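Here's the structure, in structure tokens; my notes come after.
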Amino acid sequence: MDSGLYRFATFNCKNVKRSCDDVRNLCRSCDVVCLQETWLMPHDVPYIGTIDSGFGYTATSAVDTSAGILRGRPHGGTALLWRQSLFRQVTVIQCNNPRICAIKIITGDRPVIVMSVYLPTNTSDNLQDFTDCLSAVSAIVDEYGVESVFVLGDFNANPGELFYSELVSICEDQSWFCIDVDMLGLDSGTYTFISDVHGTSSWLDHCIATRAARQAVVGVNVEYDTWWSDHFPVIIKIHLHLINPKTSTKVSSVNKDVVWGVKTDEQICLYTRECTNRLKCIDFPSECSNCADQLCGDRGHRHVLDKLYADIVTALRDAAALAGRGGARNCGGGSRLAGWSACVGEAHGEARAKFNMWIMCGRPKSGISYKEMRDSRRVFKSRLKWCQKHQDQIKMDALAAKHSNGDFRGFWKSTGRFNARSGLPVSVEGVSDSVAIANLFRDQFTVKSLLDPRDVDSGAERNNLRVPLSATLYRAKDVTKALRNMSTGKSPGHDGLSVEHLRYAGPHVSRVLAMFYSLCVSHSYLPADFMKTVVVPVVKNKTGDLSDKSNYRPISLATIIAKVFDGLLNTQLNKYIRIHDNQFGFRPGLSTESAILCLKHTVKYYVERKTPVYACFLDLSRAFDLVGYNLLWDKLKSIDLPQQFVNIFQYWYEHQLNSVRWAGAMSDPYRLECGVRQGGLTSPTLFNLYINGLIAELSSQHVGCHIDGVCVNNLSYADDMVLLSASVCGLRRLIRTCEEYAGGHGLIYNVKKSQYMVFEAVGARCPSSVPQVKLNGIHLARVDSFKYLGHILTTDLRDHADMERERRALSVRANMLARRFAQCSRGVKVALFKAYCTSLYSCSLWADYSQTCYSALRVQYNNAFRAVLGLSRRCSASGMFMEARTDGFHATMRKRAGALVRRVRASSNNVLAMIAQRHDCLIIRNCCDRHISVHIPPRVL
1 MDSGLYRFAT FNCKNVKRSC DDVRNLCRSC DVVCLQETWL MPHDVPYIGT IDSGFGYTAT
61 SAVDTSAGIL RGRPHGGTAL LWRQSLFRQV TVIQCNNPRI CAIKIITGDR PVIVMSVYLP
121 TNTSDNLQDF TDCLSAVSAI VDEYGVESVF VLGDFNANPG ELFYSELVSI CEDQSWFCID
181 VDMLGLDSGT YTFISDVHGT SSWLDHCIAT RAARQAVVGV NVEYDTWWSD HFPVIIKIHL
241 HLINPKTSTK VSSVNKDVVW GVKTDEQICL YTRECTNRLK CIDFPSECSN CADQLCGDRG
301 HRHVLDKLYA DIVTALRDAA ALAGRGGARN CGGGSRLAGW SACVGEAHGE ARAKFNMWIM
361 CGRPKSGISY KEMRDSRRVF KSRLKWCQKH QDQIKMDALA AKHSNGDFRG FWKSTGRFNA
421 RSGLPVSVEG VSDSVAIANL FRDQFTVKSL LDPRDVDSGA ERNNLRVPLS ATLYRAKDVT
481 KALRNMSTGK SPGHDGLSVE HLRYAGPHVS RVLAMFYSLC VSHSYLPADF MKTVVVPVVK
541 NKTGDLSDKS NYRPISLATI IAKVFDGLLN TQLNKYIRIH DNQFGFRPGL STESAILCLK
601 HTVKYYVERK TPVYACFLDL SRAFDLVGYN LLWDKLKSID LPQQFVNIFQ YWYEHQLNSV
661 RWAGAMSDPY RLECGVRQGG LTSPTLFNLY INGLIAELSS QHVGCHIDGV CVNNLSYADD
721 MVLLSASVCG LRRLIRTCEE YAGGHGLIYN VKKSQYMVFE AVGARCPSSV PQVKLNGIHL
781 ARVDSFKYLG HILTTDLRDH ADMERERRAL SVRANMLARR FAQCSRGVKV ALFKAYCTSL
841 YSCSLWADYS QTCYSALRVQ YNNAFRAVLG LSRRCSASGM FMEARTDGFH ATMRKRAGAL
901 VRRVRASSNN VLAMIAQRHD CLIIRNCCDR HISVHIPPRV L
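Quick note on the UniProt record's numbering: the sequence shown kicks off at 1 and runs consecutively.
So, in structure tokens, the structure goes:
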């Protein structure tokens, strides 16, 4: 066998005792063997271990012996065998599902999960179980955070049949690959099963792999020399060394004494007192007494602002370090041990005191002090071991306590800590040094502007006029309001300070920050440390290739004082900016549902009047990163934004320094050449302003779709735009406008991701051939379905595909909750179900569907609640929801529909107002029908 080449096999043995020779032959030639339909009773499971002494094993039995006498054959059961001489680090994963067994293998810091599955037979009645089984697989992958996963087994999914279509859809949703079909091809004539009754052949056995695992597969074949089963083994050849090794994510923080972490009430009070004593000593700098309310170009004042900012940060950091001393104990220098304070802390203190007393007595080997020291240590160690053994249960009890006490912020923060964190790859793009990797991402995240650069100086040098600023000076109450609106629990910047440091800093912090911000605006200057930003690469696809630099997106961690200032600037921007009503992104009261509703209503309006609609979905590549600064500053001036704010934006963008952090190492700093700041509170508003000219230009043209005098020829949600026209010529003209605007603003359209659809008119013949639609001279692909803002659109406007998408997503979420929070209290499970499973995305937009599809979603919703709470599949749906005081499926749908109607009717958006005034909107009418059934009481006879 070649070095690093392994053979994984899957085999439906149809009674492992009868097929023992075939399984033994597989063990001779393969390294991992996945078995299905072992037909073993629970007490017979150890039989798997007798097949080959060189193999370890795990297995499940599908027989429930608690029901009494067993009738018929014990169908089902799965097993996994692995060669122990090759795989020495193997952990059996508890799946709690007789259709699934799994192991985790570690070979040279390369973790891999292998699963053996046996899915139900291909009938429509079993579709829910089929989806739930694959969702349980997804929950296991999500829990362990391992990106390389192989799922082998009998899927009962023959190409062209119901289960195969469902399997393909789930693979697309989860970014998985059916590697045997991909490598052999649907036209290869491959089969893995021959029916003894009908003599027909089917392809039922498959291997599913994540994107990271897919790259390690080098071959697939089917063994047709099996005698005792009607299935044939599928062999997968894998080079595990192609999987990138992992390293620990544990990185020591240079700000560990400052980071907020978990603080007691006493520590918070101490921090507030120390901050108050320090911040009250910071007063208005005398050097700036004559320029407090005017633009000032005196460069000598900059060092004053630097010192003022340094004094504020030092006061907060020193107070945080002082309050952090003597905080919550860590066990063994690692992460905080759950339950330490309640279960171990007192015993640890007693043992420590008795130990010190024993030391003072001269370390005697007998006597009272020796006995007390030994007994206290025994009590401490026993409690510590119990606490370590019951960590999961302690965490679940803590969740229940926070939920029952109404601490919902702490409750949701704690649930987020259950997410598995995978380790960092040893190398990225072949580079292994941490600093070199950080610089690799620095080059990856640096974007070159497509526009001709022009040298621009800072705002203070451009405008030294003494312009009155009294109307735009910041007050303490403005800062207090901004702090109140900011979310806590966010990662800090390079100084270790977060929102909590400002929230609990006492009464003087708002005064001091308002003074600092006002001086920064009047001087068009910001301190360098204020603008330093740490950029952290975050994985896009957790089951993708972690060594691929394109599988990462940047997250910028700005200083908290900069974030508060950014929020104040955004408030000023919103006073002057007027965004076109066809832009739905980052607008209060609007959402993706609003944009989808306008699109579907427009198309429905035209097709019902026997007019087809041509829709083009445009994709801008890295649109936020390509915003040209010179054009942006001109647009800010065009809306009459006061010059001092234009100046401060220019200075910030021209002087901000970014550094990429990877495994504790920092890259060389770099500046932004173009693009709005990632994660900035003003960034969405600035981008909307930058793209607003295109929306206004498109809407001013007399082409494309119009309803009641309202132009709906373009709809945008941030950088996602769709063009709508009743003719191809009109669509081409709209596309040309987009091309010209993009060329003049340094934007690029991704032709590969941009597509167009033709919505056929009702009762009218659609043209057999449609002229080609081009973007930047390249033909666009015509599609019959498109996922627009997460909602699947089809040419017939039916909602089956989108309802099926949500049904699968609901199953995945429910199985994740059921597995991860199995030990939680009932109240916690109900709260999690309400949060994760009742938000059926875009369900209020469903208006054209069959009762069968609607019922399937309802059954999935009911089963999701049963799975999360661990209830029997046979329990009453209405009874379980009533007992838990939770909305059932119909109530959830009616509430979501009613919420949509209220938002549309209350919206000041011109397009939504037009829809609200019409009586022929099928979606709104359907929502009203559901809403009426909720609020109108039954007639009294």
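We put the CB at the ideal spot given by N, CA and C, even for glycine. All figures in this text were calculated on a predicted structure; none of them were measured in a lab.
| Check | Outcome |
| --- | --- |
| Cysteine 95 vs leucine 80 beta-carbon contact at 7 Å | no |
| C-beta contact flag for leucine 724 and threonine 602 at 7 Å | yes |
| Integer Cβ distance of leucine 900 from cysteine 927, believed to fall under 8 Å | 5 Å |
| Chain D within 7 Å of threonine 886, Cβ atoms only | This model lacks chain D altogether; it includes just one protein chain. |
| Euclidean distance between Cα positions of valine 758 and histidine 706 | 17 Å |
| Continuous beta strand (DSSP E) stretch holding tryptophan 82: start and end | 78-83 |
| Whole-angstrom distance between methionine 803 and leucine 127, CA atom to CA atom | 14 Å |
| Residues that DSSP places opposite phenylalanine 177 in a beta bridge | Ala209 |
| Exposure of asparagine 356, with buried meaning 16 or more beta-carbon neighbours within 10 Å | exposed |
| Other residues of its chain near valine 712: CB distance less than 7 Å, five sequence neighbours each side excluded | Cys598, Thr602, Cys705, His706, Leu724 and Val911 |
| Aspartate 529 in three-state terms, based on DSSP | helix |
| Selected residue, minimal CA-CA separation from cysteine 296, among Cys520, Ala877, Ala436 and Ser427 | Cys520 |
| Cβ-Cβ separation, aspartate 196 to aspartate 230 (assumed contact under 8 Å), whole Å | 6 Å |
| Separation of cysteine 291 from threonine 737, as counted between CA atoms | 47 Å |
| Any 3 or more C-beta pairs closer than 8 Å across the stretch 47-60 and the stretch 75-89 | yes |
| Distance, cysteine 843 Cα to phenylalanine 193 Cα | 40 Å |
| Sequence-distant residues of the same chain with beta carbon closer than 8 Å to glutamate 760, five excluded per side | Val607, Pro612, Cys766, Thr795 and Asp796 |
| Pair within 7 Å by beta-carbon distance, serine 659 and asparagine 439 | no |
| Euclidean distance between Cα positions of threonine 446 and leucine 573 | 27 Å |
| Cβ-based burial, methionine 360 [other Cβ within 10 Å; buried from 16] | exposed |
| Cβ neighbour criterion (16 or more within 10 Å) applied to cysteine 729 | exposed |
| Strand pairing of proline 111, partner residues [DSSP] | Ile106 |
| Selection from Ser201, Leu871, Ser700 and Tyr517 that minimises the alpha carbon distance to glutamine 644 | Tyr517 |
| Distance between aspartate 625 and leucine 450 (C-alpha atoms, nearest Å) | 11 Å |
| Spatially closest choice to valine 762 from Ser754, Arg798 and Leu780, by CA coordinates | Arg798 |
| Burial state of proline 669 (16 or more Cβ within 10 Å) | exposed |
| Whole-angstrom C-beta distance between cysteine 171 and phenylalanine 177, which should lie under 8 Å | 7 Å |
| Outcome for asparagine 277 when other beta-carbon atoms lying within 10 angstroms are tallied against a minimum of 16 | exposed |
| Neighbour-count burial assignment, histidine 791, 16 or more Cβ in a 10 Å radius | buried |
| Alpha-carbon to alpha-carbon, phenylalanine 565 and leucine 526 | 11 Å |
| Own chain residues within Cβ distance below 8 Å of arginine 671, not counting five before or after | Glu654, His655, Gln656, Leu657 and Asn658 |
| Simplified DSSP assignment, three categories, for arginine 553 | strand |
| Run of the beta strand (DSSP E) containing serine 785, from where it starts to where it stops | 785-788 |
| Backbone secondary structure at serine 487 - three-state DSSP | coil |
| Beta-ladder partner(s) of alanine 9, from DSSP | Val33 and Ile235 |
| C-alpha gap between valine 435 and tryptophan 662, whole angstroms | 7 Å |
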